[in-house]
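In what follows, a single structure is set out as structure tokens and then discussed.
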Amino acid sequence: MDIRIKQFTKIVVINTIVFLVIFIVLWVANIYIPVYFYKNVFIILAILFLALGLLFIIFSTVLIIIYKKKKVLIFPPKVLAKIFKIIYPLILSITNFFHYDKKIINQFFIYINNIFVESMNLKGNFKDILILAPHCIQNSSCNIKITSNSQVCIGCGKCKIYNLNNLQKKYKIKLAIATGGTLARKVIKECKPKYIIAIACERDLISGILDVDGIAVYGVLNKCPNGPCKNTTVDIKKVEDAIKNYILK
Ligand code: SF4
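Under this note's numbering, the first residue of the sequence shown carries the number 1107, and numbering increases by one thereafter.
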């Protein structure tokens, strides 16, 4: 049998068994469990949802205050960053359900994430910094292969690779041009940075921030004057400021 059909059939059989088991459990429960038990279950569920709803409101209010004040108050930023990663999927599903603009919500979260990172007051050396930039920042008419080594760029100035290389030379930091999430993960594993400055669009930045565990990721949004993923650019000053914020004075 075709391997794909085999695999699909396996999944169908497993699903069927799961449905059958659920049916039998519910049917038996219907026969043997008294009505007051169900009532108690509903009460517990109602209280649980109320508690979750209140926690959600409290945390969202904290986020709004952080956004407005541009700094983290009272709560440790590392803890907030962890909660942030948990509630983000929930916010995203609500955004999708109501067809709100995902880009705006992602921008909000990237901004908040950067406030968390700044509030952690992380300080270290140049060698601990990794700048991760997307491949689309290279000018599309340029044939130089910069993904394995950006320093082969001849510095014509048509794109920001030239400026990023200058930052790399000036601060002796690591710079990687990644073509996607897999390559970015590989670079992080090899370089073992303590502080990442990630340049990307909203979607990639958010997924990078959520993906990386235990390393602070400061996000710098790239600009897309030619539409997504083509000849993108970035505010180099923002990247340099992010470097300066980390360096031990
Ligand atoms: S700056 Fe470098 S990478 Fe960009 S177009 Fe010029 S040579 Fe190519």
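C-beta: ideal position from N, C-alpha, C; glycine also.
On a predicted model such as this, the values are computed, not experimentally measured, just so you know.
Following the continuous alpha helix (DSSP H) through residue i, name the residue where it begins and the one where it ends.
i: Y1301; result: Element bounds for Y1301: not the alpha helix (DSSP H) but the beta strand (DSSP E), 1301–1306.
i: S1166; result: 1141–1175
i: T1357; result: Absent from the structure is residue 1357, since the part of the chain shown begins at 1107 and ends at 1355.
What residue from the options has the CA that sits closest to residue i's CA?
i: I1180; options: E1346, L1238, Y1277, F1165; result: F1165
i: I1312; options: P1182, I1192, N1351; result: I1192
i: P1240; options: T1285, K1278, K1295; result: T1285
i: G1334; options: K1175, E1308, V1345; result: Here the sequence assigns Pro to residue 1334, which means Gly is not the residue at that position. Out of K1175, E1308, V1345, E1308 has the C-alpha closest to the C-alpha of P1334.
i: V1223; options: D1108, Q1113, V1326; result: V1326
i: I1342; options: I1237, A1135, M1226, K1298; result: I1237
i: S1254; options: I1283, I1109, P1331, Y1194; result: I1283
i: N1267; options: I1128, N1328, F1232; result: Residue identity check: residue 1267 is Ile in the sequence provided, not Asn. Nearest option by C-alpha distance: N1328.
i: V1340; options: V1318, C1242, E1296; result: C1242
i: I1305; options: K1295, N1332, C1297, L1270; result: L1270
DSSP has residue i in a bridge; who is on the other side?
i: L1289; result: None; L1289 has no bridge partner.
i: L1281; result: I1237
i: I1353; result: G1230
Given 8 angstroms as the limit, tell me if residue i has its C-beta closer than that to any heavy atom belonging to the ligand SF4.
i: I1252; result: yes
i: K1336; result: no
i: C1242; result: no
i: I1342; result: no
i: K1329; result: no
Alpha helix (DSSP H) segments (min. 4 residues) lying fully within the segment 1304–1351 = 1308–1317
Along the chain, which unbroken stretches of the beta strand (DSSP E) at least 3 residues long are found entirely within the segment 1188–1243?
-> 1235–1240
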